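See below for the structure under consideration.
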C-alpha cells in the first residue's frame, strides 16, 4: 500500500531530489531567503520546517543523548555541516515562540525563458505576526446597524420621516 507516500517528485530521481532539497535547505538556512521555482519552493517548505522542529526539540531536551540523536537525524537530511551548526546553535532561537509556519512563499511571476513560476521562499522573522485577518460583517451585523440608527434619529430631522422600529420577533414581509 502507498499510504502517505506522496511527495513532489520534481521530475528527478530520488537521490537527485534528496540532494537538491538538502542543498536548497542549506542555502535557505544560511541566507534566510532564496529564489527558486514555485514547485521546488513548495517541496522545500515541509523539508525545512521539519529540520527546524528537530532543532527546537533538541534545544528543549534536557538529556544530551536525545539532543544528539535529533541532530544526527537532521544531519541525515541536511548534509551541510555549517548550515546544520548554524541552525542548531543560533537559528532555532528565532522560532522558539512559533508553533509552525517557519517559512513563507511569495510568488514572483513567470520566468522569461521557460515561463516557469518563480517564487521567493524565506524564513519568517520571530516578531512577524503575518497578515492581519479582516473580519467580514455578518448578516446579524448588517441588521443591527439600521435598527440602531432608526432608534436614535438625528435632532434636526422630523419624527415623521424616521420609520418606527420593528419588534424583534416579527419578520419583514
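Numbering (my numbering), first residue to last: 2 to 174.
From the three backbone atoms N, C-alpha and C, an ideal C-beta is built for every residue, glycine too.
Here the structure is a predicted model, which is why all the values come from computation and not from measurement.
- Note that the stretch 86-106 touches the stretch 54-62; at least 3 beta-carbon pairs, one per stretch, sit closer than 8 angstroms.
- Minimum Cα-Cα distance from residue 71 among the listed residues 51, 42, 105 corresponds to 51.
- Distance between residue 28 and residue 91, taken at the CA atoms: about 15 angstroms.
- Per DSSP, reduced to three states, the secondary structure at residue 29 is helical.
- With a threshold of 16 other beta carbon atoms within 10 Å, residue 25 meets it and is buried.
- Judged by beta-carbon spacing, residue 103 lies beyond the 8 angstroms limit of residue 35, meaning their Cβ atoms are not closer than that value.
- Where residue 118 is concerned, the enclosing beta strand (DSSP E) starts and stops at 118-124.
- Taken in chain order, the complete beta strand (DSSP E) segments of 3 or more residues contained in the stretch 7-73 are 34-38.
- Residue 104 carries a strand assignment under DSSP once its states are collapsed to helix, strand and coil.
- Contact fails between the stretch 118-127 and the stretch 71-90, because fewer than three Cβ pairs, one in each stretch, are under 8 angstroms apart.
- Annotation for residue 114: no alpha helix (DSSP H) segment contains it, and DSSP assigns it neither H nor E.
- With respect to the 8 angstroms criterion, residue 44 and residue 9 are classified as neighbours on the basis of their beta carbons.
- Residue environment analysis places residue 113 among the exposed positions, since fewer than 16 neighbouring C-beta atoms fall within 10 angstroms of its C-beta.
- In the three-state reduction of the DSSP assignment, residue 4 falls in the coil class, being assigned neither a helical nor a strand state.
- Between residue 13 and the set 7, 21, 6, the nearest pair of CA atoms involves 21.
- The beta carbons of residue 38 and residue 116 sit no closer together than 8 angstroms.
- Listed in chain order, the non-local C-beta contacts of residue 105 below 6 angstroms within the same chain comprise 123, 125, local neighbours out to five positions each way being set aside.
- The Cβ atoms of residue 88 and residue 23 do not sit closer than 8 angstroms to each other.
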